[in-house]
Amino acid sequence: MPKKLEGKIALVTGGSRGIGAAIAKSLAADGASVAITYAKDSGSASAVVKAIEGNGGKAIAIQADSIDAAAITDAVTKAAETLGGLDILVNNAGTAIPKAFEEATLEELDRVLDINVRGVFIATQAALKHIKEGGRIIMIGSCVGERMMTPGLAAYAATKGAVKMFSQGLSREVGGRGITVNTVQPGPIDTDLNPASGDWAVPQKALTALNRFGTVNEVAALVAFLAGPEAAYITGANMTIDGGTNA
Ligand code: NDP
Numbered sequence: 060m061p062k063k064l065e066g067k068i069a070l071v072t073g074g075s076r077g078i079g080a081a082i083a084k085s086l087a088a089d090g091a092s093v094a095i096t097y098a099k100d101s102g103s104a105s106a107v108v109k110a111i112e113g114n115g116g117k118a119i120a121i122q123a124d125s126i127d128a129a130a131i132t133d134a135v136t137k138a139a140e141t142l143g144g145l146d147i148l149v150n151n152a153g154t155a156i157p158k159a160f161e162e163a164t165l166e167e168l169d170r171v172l173d174i175n176v177r178g179v180f181i182a183t184q185a186a187l188k189h190i191k192e193g194g195r196i197i198m199i200g201s202c203v204g205e206r207m208m209t210p211g212l213a214a215y216a217a218t219k220g221a222v223k224m225f226s227q228g229l230s231r232e233v234g235g236r237g238i239t240v241n242t243v244q245p246g247p248i249d250t251d252l253n254p255a256s257g258d259w260a261v262p263q264k265a266l267t268a269l270n271r272f273g274t275v276n277e278v279a280a281l282v283a284f285l286a287g288p289e290a291a292y293i294t295g296a297n298m299t300i301d302g303g304t305n306a
């Protein structure tokens, strides 16, 4: 029996570690050929490619910092040319610089905006040159794109709110071509960006209904569902996966 993403080609930005790496592996396990981008850590990127290949899948890693417009468009072109097209884009690359808003420098504000919003616009525009009927665009937003429970993340939350509305708006533009656009909004997920141990983790865990951090595989499973054929009628939706943080 063919796997549900057999013959599909996916690009996951920021796919070398954390949530993006789990998404890349999950889409590959469902049969997709997968390209990942990364900014700096080529070792982690090749480990993801090797893990996918070790399971009989096909993957490539492309160095492309999401702050660099030309690098992003080149990465989309390279992914499509090398793998033979593009069906699924997962805009996962993102960053946070937690601090009081009044203390953030212009450079820090620009960095968060450029990676989390501008990079998503650029990757999506480039990908839409290739994505056809049945295509999927999935944003990794955040539960703080809808509700806010802690200080220190005002600018980050604004970028994730922007991603959510971009996704809803775009769903209206590409729906006629059979392309769906959705946002997955994680709560606290144990990664290098947001480790489940340490002072910063304690209040986040306490704010969940389930009293724990989520895992990267739990987020990847939702993304794989949205990428698959069963999710064909879901578009313009924001799916929060946050252990009840926003309940
Ligand atoms: P990590 O920092 O653990 O991993 C980030 C990944 O993205 C790495 O592969 C990294 O590659 C890559 N990356 C980072 N910066 C860039 C860049 N400028 N250009 C291209 N790739 C880049 O992050 P998470 O897995 O935790 O987060 C992934 C996404 O999920 C982000 O959008 C984040 O905002 C969102 N999210 C995370 C939550 C959490 O609790 N972890 C909660 C809600 C949302 P490299 O090593 O080369 O830099």
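If you're matching positions, the sequence shown starts at 60 in the numbering used here and goes up one per residue.
By construction, the Cβ of each residue, glycine as well, lies at the ideal position given by its N, Cα and C atoms.
In this structure, how does DSSP classify residue i when only helix, strand and coil are distinguished?
i	result
Leu-252	coil
Gly-79	helix
Pro-288	helix
Asn-175	helix
Pro-47	No answer is possible for residue 47: the residues shown for the chain start at 60 and end at 306.
Ile-147	strand
Leu-111	Before going on, a small fix: residue 111 reads as Ile here, not Leu. It is helical.
Lys-191	coil
Lys-84	helix
Ala-283	helix
Gly-303	coil
Which partner residues of residue i appear in the DSSP bridge assignment?
i	result
Tyr-97	Gln-122
Ser-92	Ile-68
Gly-273	Ile-248
Thr-164	Answer by DSSP bridge pairing: none, since Thr-164 is not bridged.
Val-203	Val-203 pairs with nothing; no bridge assigned.
Thr-242	Met-198 and Asn-297
Could you check where the alpha helix (DSSP H) with residue i kicks off and where it finishes?
i	result
Ile-197	From DSSP, Ile-197 is part of no alpha helix (DSSP H) but of the beta strand (DSSP E) over 195-199.
Thr-183	178-186
Thr-218	213-233
Leu-61	First, the amino acid is wrong: residue 61 is Pro here, not Leu. Counting along the chain, Pro-61 falls outside any alpha helix (DSSP H), and DSSP gives it neither H nor E.
So, residue i versus residue j, is the Cβ gap smaller than 8 Å?
i	j	result
Asp-301	Gln-227	no
Ile-199	Thr-239	no
Met-303	Thr-267	Per the sequence shown, the amino acid found at residue 303 is Gly instead of Met. Going by C-beta atoms, Gly-303 is nearer than 8 Å to Thr-267.
Ser-92	Gln-122	no
Ile-181	Thr-132	yes
Gly-274	Val-149	Note that residue 274 is Thr in the sequence shown, not Gly. Cβ atoms of Thr-274 and Val-149: not closer than 8 Å.
Ala-286	Ala-69	yes
Thr-218	Val-171	yes
Gly-295	Ser-230	yes
Ile-118	Ile-95	Inspection of the sequence shows that residue 118 is occupied by Ala rather than by Ile. Closer than 8 Å, so yes.
Asp-89	Ile-126	no
Just to confirm the assignment, what range does the beta strand (DSSP E) spanning residue i have?
i	result
Thr-141	Run containing Thr-141: none in the beta strand (DSSP E); it sits in the alpha helix (DSSP H), 128-142.
Met-207	Met-207 -> no beta strand (DSSP E), and no H or E assigned at all.
Val-261	That residue, Val-261, is in no beta strand (DSSP E); its alpha helix (DSSP H) goes 260-266.
Thr-299	297-300
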